[in-house]
Ligand code: UDP
Ligand code: MG
């Protein structure tokens, strides 16, 4: 069994791939690790795939996955995770901002200290201020919502036990929340390691301020999904029950008024005319509707197949 799988998402990074794979291979060889480097080309429009094919020809440890188009960093990581075979899986960004020199210590922390996940912390970060300030805010909110005490959730350099990556599904923009996904799936031993960080050497960043904002919306929906995805009935059922119960109470109140003669001598027509009666009727109907919605959602999620969101065009150097 391989000791380490390095998984690298690639989107228009042709200039750095050769340097990156040489550096990773050097570190692996210096420490005698058996390894594979899985480069996932996420629909690059430059020559990244040609470069990956070329590198994979020269070194059998380098493996390539080519997406049919750009699906995003989360999909690229997920594809790499599906294929990974190493005891420890390490993710790095392709742009040389993350240093492969960190690999041996990350491996140790997973393999010997028993962490499920170790997340890098770019304590001295070399990115423009338009990234670092929103990032601080993002990390504070994520810490608060998740209860996981990490400083740098979005660091591309992370290490995992193999069983962690095989038991989570990274989709949408979820790459920012992989430690949360791990924790929610029962892999709660999450550590942190201060890592070196370089400024981007070639090309441009693919993530601007708008993706940070999207990130916050994700965090809300992700927490919501985590709570209710498996049990939509619990959410809709609760709303439905509240609505039904309030309709029921109003109806009781109306009947009480009728029977005990608080409004003696009223005709049935006069009760029906009351706004309160209509409110009760609406609440009862909405209550039943929401309950049924929840029930259908429950049936649908339990039948849902786990079809991946991305399509693969070609694979190189995988013999499985
Ligand atoms: N990336 C990707 N798909 C995308 C955007 C980015 O695979 O749609 C990869 C990119 O090639 C890099 C990593 O994700 O390896 C991080 O991207 P980037 O360096 O642009 O992010 P930043 O460091 O600026 O936050
Ligand atoms: Mg980068």
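Residue numbers (full-length UniProt numbering): 1 to 320.
Ideal placement from N, C-alpha and C gives every residue a C-beta, glycine not left out.
In angstroms, rounded to a whole number, what distance separates the CA positions of residue i and residue j?
i: residue 2; j: residue 146; result: 33 Å
i: residue 14; j: residue 310; result: 22 Å
i: residue 108; j: residue 292; result: 51 Å
i: residue 133; j: residue 127; result: 10 Å
i: residue 53; j: residue 22; result: 15 Å
i: residue 244; j: residue 290; result: 9 Å
i: residue 201; j: residue 27; result: 20 Å
i: residue 161; j: residue 242; result: 44 Å
i: residue 318; j: residue 234; result: 43 Å
i: residue 179; j: residue 59; result: 32 Å
i: residue 286; j: residue 260; result: 29 Å
i: residue 297; j: residue 100; result: 45 Å
i: residue 92; j: residue 249; result: 58 Å
i: residue 257; j: residue 142; result: 52 Å
i: residue 155; j: residue 118; result: 11 Å
i: residue 305; j: residue 299; result: Low local confidence applies: a pLDDT of 47 at residue 305 is under 50, so the model's placement there is unreliable, with the coordinate-based value given in what follows. Using only the alpha carbons, I get a separation of about 12 Å.
i: residue 316; j: residue 238; result: 50 Å
i: residue 46; j: residue 284; result: 59 Å
i: residue 68; j: residue 312; result: 6 Å
i: residue 116; j: residue 279; result: 53 Å
i: residue 177; j: residue 199; result: 23 Å
i: residue 195; j: residue 282; result: 58 Å
i: residue 82; j: residue 320; result: 11 Å
i: residue 111; j: residue 144; result: 29 Å
i: residue 51; j: residue 185; result: 37 Å
i: residue 191; j: residue 150; result: 8 Å
i: residue 288; j: residue 140; result: 40 Å
i: residue 211; j: residue 135; result: 11 Å
i: residue 275; j: residue 163; result: 59 Å
Using 9 Å as the threshold, is the C-beta distance between residue i and residue j below it?
i: residue 168; j: residue 157; result: no
i: residue 359; j: residue 175; result: Limits of the chain in this structure are 1 at one end and 320 at the other, which puts residue 359 out of reach.
i: residue 64; j: residue 98; result: no
i: residue 20; j: residue 96; result: yes
i: residue 34; j: residue 86; result: yes
i: residue 6; j: residue 129; result: no
i: residue 74; j: residue 172; result: yes
i: residue 79; j: residue 11; result: no
i: residue 137; j: residue 153; result: no
i: residue 165; j: residue 84; result: yes
i: residue 254; j: residue 277; result: yes
i: residue 148; j: residue 183; result: yes
i: residue 314; j: residue 66; result: yes
i: residue 131; j: residue 207; result: yes
If contacts are defined as beta-carbon pairs under 8 Å, then residue i and residue j qualify, I think. What distance do you get, rounded to the angstrom?
i: residue 294; j: residue 240; result: 6 Å
i: residue 159; j: residue 88; result: 6 Å
i: residue 380; j: residue 49; result: Residue 380 is absent from the model: the chain starts at 1 and stops at 320.
i: residue 9; j: residue 76; result: 3 Å
i: residue 4; j: residue 90; result: 6 Å
i: residue 114; j: residue 189; result: 6 Å
i: residue 43; j: residue 71; result: 7 Å
Under DSSP, the alpha helix (DSSP H) around residue i begins and ends at which residues?
i: residue 30; result: 17 to 30
i: residue 123; result: Where residue 123 is concerned, there is no enclosing alpha helix (DSSP H), given that its DSSP letter is neither H nor E.
i: residue 178; result: 178 to 184
i: residue 163; result: 162 to 166
Between which two residues does the beta strand (DSSP E) holding residue i run?
i: residue 9; result: 4 to 10
i: residue 41; result: 35 to 41
i: residue 145; result: From DSSP, residue 145 is part of no beta strand (DSSP E) but of the alpha helix (DSSP H) over 129 to 146.
i: residue 194; result: 190 to 194
i: residue 14; result: Element bounds for residue 14: n/a, residue is neither H nor E.
i: residue 315; result: 312 to 316
List in chain order: all unbroken alpha helix (DSSP H) runs of 4+ residues lying wholly within the region 49 to 110. 73 to 83
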